[in-house]
Amino acid sequence: MLARLNVALLALLVPALSFAGDAISATEKQPLNLHAIGMFVLFVSMTLGITYWAAGRTKSASDFYTAGGGITGFQNGLAIAGDYMSAATLLGLTALVYTKGVDGYIYMIAFFAGWPIILFLMAERLRNLGKFTFADITSYRLNQGKVRTMAAVSSLTVVCFYLVAQMVGAGQLIKLLFGLDYNIALFVVGALMMVYVTFGGMVATTWVQIIKACMLLAGGTLVMVLAMSQFGFSFETMMGQAVSLHSLGEKLLFPGTLLPDPVTALSLGLGLMFGTAGLPHILMRFFTVTNAKEARKSVLYASGFVAYFFNVILLMGFAAIIIVGQNPEFFEGGKIGGKIVGGGNMIAMHLAKAVGGNLLLGFLSAVAFATILAVVSGLALAGAAAISHDIYARVIRKGKATETEELRVSRFASVGLGLVAIVLGIAFEKMNVAFMVALAFGIAASANFPVLILSMYWKGLTTRGAVAGGYAGLVAAVLLVVFSKSVWVTVLGNAQALFPYDQPALFSMPLAFLITFIVSKLDNSAEAQAERAAFDDQYVRAQTGFGAAEASAH
Amino acid sequence: MSTNASQNAVYARIRKNPRFAELVSKRQGFATLLSVIVLTIFYGFFMVVAFNPNLIGQRLSEGSYVTVGIAAELFMFIFFWVLTAVYVKRANGEFDAITTEIIRDASKEVK
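Respectively, the protein sequence lines represent chains A and B.
Start counting the first sequence at 731; every next residue gets the next number (my numbering).
Start counting the second sequence at -19; every next residue gets the next number (my numbering).
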């Protein structure tokens, strides 16, 4: 059913892609970059070594899904930062500041502001109630079959869109940075991801994310410091030059085309903030720590790293306006102000080359590649958990599957997801995939978040309400994005968008809450009574952690 | 691992303990307060972006490129993070101490 839903969605999108493809010129293949390849090989051998070590420690389901629950708050904070900051963060947001100025910073605060809310309202309850997936929480006192299926469908939808966006980005980037063919690049990424997840489970995934986070923080900081040194570390000097050189001039300092109207601005704020709190691969990270104490610390460290890095990116973007934007080397045909070599997403890479030469470019390329690997691994693991833990073990086998059987399914699922990611990545090669990340956040905010938060806070929630609201949010978010300009006009080639905004959350998220609320209120069945009565015990466990899944002893 | 029945008995005891009510109301109150602060500032900022974008680009002082928008955002990044640190400190200290005490009392009485 779930496969059919995704296939249906794709069938909707694929024919249109070939049209859109012509408009987007393919990125140029670059000569082999030896520094980058050397550093990347180093990263891969290190992570494969860790995977080998992790494979020996991945014996139980708990090891596979949550690294046995023994990750410390600091490690998990780094891993969350590594999971959350995708290549889109490094490349896309730097490019956004470069082209639109302060708009990029507004995007970043919306990406960040979800974290304190997750800490205050969710972190502790997530850890106290959950075991392997967030569906453990939503189905805690509700109907296992129906609620888990719904949660798994929306999780897999989010994972697939996010995964495709990452894979397409990976292919383009690797082609450009390493001079590898697009399809080969996808196979490399897909294969490595399958190896990490299938053999190393959450232990390997966590360490890949930790190493990647450290590389990203170090690489970004180095580029930023070298770039700022050209302006005597003065923000004023840099901004003065940036404003005078940029085609937007003073407008660089004002909200612009990205946030053209109040509805878009608010919808974006809502979608990014609560989407973060509904991403299955992020939520899953909360089950890897020992207890609620460590879960809270995870957020403290993660949000610190994320906040720091966003500010680094702001400086990189502004510095690039002068350092990259005035250097003919980085424009096609050497024409300043023309097309950027390799496309707009390459700004951060060009900046690295301009301030640190080929060596720094190589390092940052390896960082970008590592970033993609870490994020796709986290996604694949979350997707595999939805398939094996929620659908197979709990819905199909109704909790009767042995751990060995469940683990076997999860490994097949990881390999399956890897193959799906490669195939979709190839199918979507020529497409502007930016809307897919927005869609993933929109669905997470509209389908996952409302049911999750209500299941933890509202006694009145019933199975019917959760299922109705969850599916309503999912369908509404997908339809609104399909009817918006970025798909209906740009991809499908229609003249006029049916939905005038790009961000669905402002409409689909309240809709999901409303339907969940109304349907639950109207539900007077015997099951509903029992579900409400079961809230009290769940509430005590959510508050105290008594009875929570324990860390397995290693 | 305790059986479900004895686990439920512990839950029932915890619920009856006045310290539990105290813990919940204190911690929830604190978390709600901090959330309201974050949401108010964040959506207040987005309201300004939405309805008065010109204010965002206003410079704080003549000849400086630090605008209201950049300053407000930097403030949010730092302030929100400080709030998370404040919450973690209090929850991991004061609140967790009460939690441990409640669980210990309830488990003891059941046995």
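For every residue, glycine included, the Cβ atom is placed at its ideal position computed from N, Cα and C.
Can you name, in chain order, every residue of its own chain whose Cβ lies under 7 Å from the Cβ of residue i, other than the five neighbours on each side?
i, result
"A1022(A)", "E854, R857, N858 and G1275"
"M1003(A)", "A840, A843, G844 and I847"
"D1253(A)", "T1192, R1194 and G1195"
"T928(A)", "R1141, S1144 and V1145"
"S755(A)", "At S755(A) the pLDDT is 39, less than 50, meaning the model places this residue with poor confidence and gives no usable figure here."
"R1271(A)", "N858, L859, G1277 and A1278"
"S884(A)", "I1173, A1177, N1178, G1200 and L1204"
Please say whether residue j and residue i have beta carbons closer to each other than 7 Å?
i, j, result
"E980(A)", "G803(A)", "no"
"S1176(A)", "T868(A)", "no"
"A71(B)", "R1262(A)", "no"
"A797(A)", "T936(A)", "yes"
"L35(B)", "V48(B)", "yes"
"A1131(A)", "G930(A)", "no"
"A1115(A)", "F862(A)", "yes"
"G1172(A)", "A1235(A)", "yes"
"L849(A)", "T64(B)", "yes"
"W61(B)", "A1037(A)", "yes"
"A934(A)", "I780(A)", "yes"
I'd like to know if residue i contacts chain B, where contact means its C-beta is closer than 7 Å to some C-beta of that chain.
i, result
"D1267(A)", "yes"
"R1015(A)", "no"
"S1282(A)", "Unreliable placement is indicated for S1282(A), whose pLDDT of 47 sits below 50; no coordinate value is reported for it."
"F850(A)", "yes"
"Y1187(A)", "no"
"E1135(A)", "no"
"R734(A)", "Confidence at R734(A) is low in this model, with a pLDDT of 39, below 50, so the placement of that residue should be treated as unreliable; the coordinate-derived value is given next. It does not; no Cβ of chain B falls within 7 Å."
"S1028(A)", "no"
"V774(A)", "no"
"M815(A)", "no"
"I839(A)", "yes"
Report the residue from the options whose alpha carbon sits nearest the alpha carbon of residue i.
i, options, result
"P1230(A)", "F842(A), T1246(A), V1212(A) and F850(A)", "V1212(A)"
"M1046(A)", "E1261(A), K1027(A) and A1082(A)", "A1082(A)"
"V1097(A)", "V1270(A), A895(A), C944(A) and Q874(A)", "C944(A)"
"L820(A)", "G1074(A), A1084(A) and I1245(A)", "G1074(A)"
"N763(A)", "G899(A), W783(A), M815(A) and L907(A)", "L907(A)"
"D76(B)", "S(-14)(B), V(-10)(B), R(-1)(B) and E53(B)", "R(-1)(B)"
"A684(A)", "G899(A), R787(A), M1079(A) and M969(A)", "In this structure chain A extends from 731 to 1284, so residue 684(A) is not present and cannot be described."
"F10(B)", "F25(B), V62(B) and V66(B)", "V66(B)"
"L947(A)", "F1035(A), E966(A), L1222(A) and T1006(A)", "F1035(A)"
"Y45(B)", "V1167(A), K1160(A), K1189(A) and Q971(A)", "Q971(A)"
Can a CB atom of chain A be found closer than 7 Å to the CB of residue i?
i, result
"N(-16)(B)", "no"
"P33(B)", "yes"
"V18(B)", "yes"
"E42(B)", "no"
"G11(B)", "A small fix is needed here, since residue 11(B) is Ala in this sequence, not Gly. Answer yes: the Cβ-Cβ gap between A11(B) and chain A drops below 7 Å somewhere."
"A15(B)", "Per the sequence presented here, residue 15(B) reads as Ser, with Ala not at that position. Yes, contact with chain A."
"N72(B)", "yes"
"R(-1)(B)", "no"
"I(-6)(B)", "yes"
"E133(B)", "The question about residue 133(B) has no answer, for chain B in this structure spans -19 to 91."
"I36(B)", "yes"
"I83(B)", "yes"
"V29(B)", "yes"
"A(-11)(B)", "no"
"V68(B)", "yes"
"G24(B)", "no"
"V62(B)", "no"
"T79(B)", "yes"
Where do the ends of the alpha helix (DSSP H) carrying residue i lie?
i, result
"N(-12)(B)", "N(-16) to K(-4)"
"W61(B)", "V48 to R70"
"P33(B)", "P33 to I36"
"R1141(A)", "E1133 to A1157"
"I1102(A)", "I1077 to A1115"
"M1161(A)", "Neither: M1161(A) is in no alpha helix (DSSP H) and is coded neither H nor E."
"P1010(A)", "P1010 to R1015"
"E966(A)", "F965 to L975"
"L823(A)", "Segment: none, L823(A) is in no alpha helix (DSSP H) and carries neither H nor E."
"I1051(A)", "A1022 to I1053"
"F804(A)", "G803 to Y814"
Counting only the same chain and skipping the five closest in sequence on each side, list residues whose C-beta sits under 8 Å from that of residue i.
i, result
"T79(B)", "L3"
"L996(A)", "L1236"
"L872(A)", "S1185, L1191, T1192, T1193, A1196 and E1261"
"A817(A)", "Q896, G899, A900, L903, A1098, T1101, I1102 and V1105"
Only counting the same chain, and skipping five residues up and downstream in sequence, which positions put a Cβ closer than 6 Å to that of residue i?
i, result
"A1100(A)", "F773, K942 and M945"
"K1069(A)", "E1062"
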